[in-house]
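Enquirer: Below you will find the structure I want to go over with you.
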Amino acid sequence: MITNSPDETKNAAKRLAQKLKPGDILALKGNLGTGKTCFAKGIIEELTATKENFQGSPTFALIQEYQSSQDESGAIIRVYHFDFYRVKNAVELLQIGWQEYISDEAGVCVIEWADLFPELLPPKTKWIEFFSEGDDKRKIVIRNPQPTAAATT
């Protein structure tokens, strides 16, 4: 898809968020300034029923957790926003409880700079790649995970 402004990028994310289900993992990949944080903001705003203030990219904290009040219907109740930009090694992620977050079937993980540690992501991960096409124009490519043998039987 092509977006022509930060608002369009955020709205594209909101449309995608409406299709997400608990347990989904979104891996955002792209150079600096290509729209990853803007896209993450759209996902978080759409999934967080209380419309909590977006805390920005968790570059230094590594993770920001958001709550949703949609849990009564079985919908997403937590959104975990990660930023791997400053992570030095996989051990650092494991020490903050990465496995628990990534296996939380009642939440959604949104991971900026996910391509720095692809080996930590499960096969069910949806990859979203961002390209700058000049000024505010962005090309966003979404790659859904390949079905596993268990999912096709």
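Numbering (my numbering), first residue to last: 340 to 492.
Glycine included, every Cβ here is placed at the ideal spot set by N, Cα and C.
The structure presented is a predicted model; accordingly, all values stated were derived computationally and were not measured.
Quick check on residue 483: does DSSP put it in helix, strand or coil?
Expert: Residue mapping note: residue 483 aligns to position 144 of the sequence shown, counting from 1. DSSP places residue 483 in coil when its eight states are reduced to three.
Enquirer: Could you check which residue in 472, 481, 484, 455 has the C-alpha nearest to that of residue 344?
Expert: Position 5 of the sequence shown, counted from the start, is the residue given in the question as residue 344. Closest by alpha carbon: 472.
Enquirer: In the DSSP assignment, the beta strand (DSSP E) including residue 366 goes from what residue to what residue?
Expert: What you label residue 366 is simply residue 27 of the sequence shown in a count that begins at 1. Per DSSP, residue 366 belongs to the beta strand (DSSP E) from 364 to 369.
Enquirer: Is there contact between the region 421 to 440 and the region 354 to 361, where contact requires at least three CB pairs shorter than 8 Å?
Expert: The region 421 to 440 vs the region 354 to 361: no contact.
Enquirer: Relative to the alpha-carbon of residue 350, which residue among 432, 382, 419 has its alpha-carbon at the smallest distance?
Expert: Position 11 of the sequence shown, counting from 1, holds the residue named residue 350. Ranking 432, 382, 419 by Cα distance to residue 350 puts 382 first.
Enquirer: Would you kindly work out how many angstroms separate the C-alpha atoms of residue 454 and residue 445, rounded to a whole number?
Expert: Here residue 454 refers to the residue found at position 115 of the sequence shown. Here residue 445 refers to the residue found at position 106 of the sequence shown. Between residue 454 and residue 445, the C-alpha separation is close to 24 Å.
Enquirer: Taking its Cβ as the centre, do 16 or more other Cβ atoms sit within 10 Å of residue 430, making it buried, or is it exposed?
Expert: Translated into positions along the sequence shown, residue 430 becomes position 91. Answer is exposed; the Cβ neighbour count stays below 16.
Enquirer: Using three-state DSSP, classify residue 438 as helix, strand or coil.
Expert: The count along the sequence shown starts at 1 and reaches residue 438 at position 99. Note: residue 438 maps to helix in three-state DSSP.
Enquirer: Let me confirm a value: residue 418 is counted as buried when at least 16 other C-beta atoms fall within 10 Å, else exposed. Which label applies?
Expert: Here the question's residue 418 lines up with position 79 in the sequence shown. Buried, since its Cβ has 16 or more Cβ neighbours within 10 Å.
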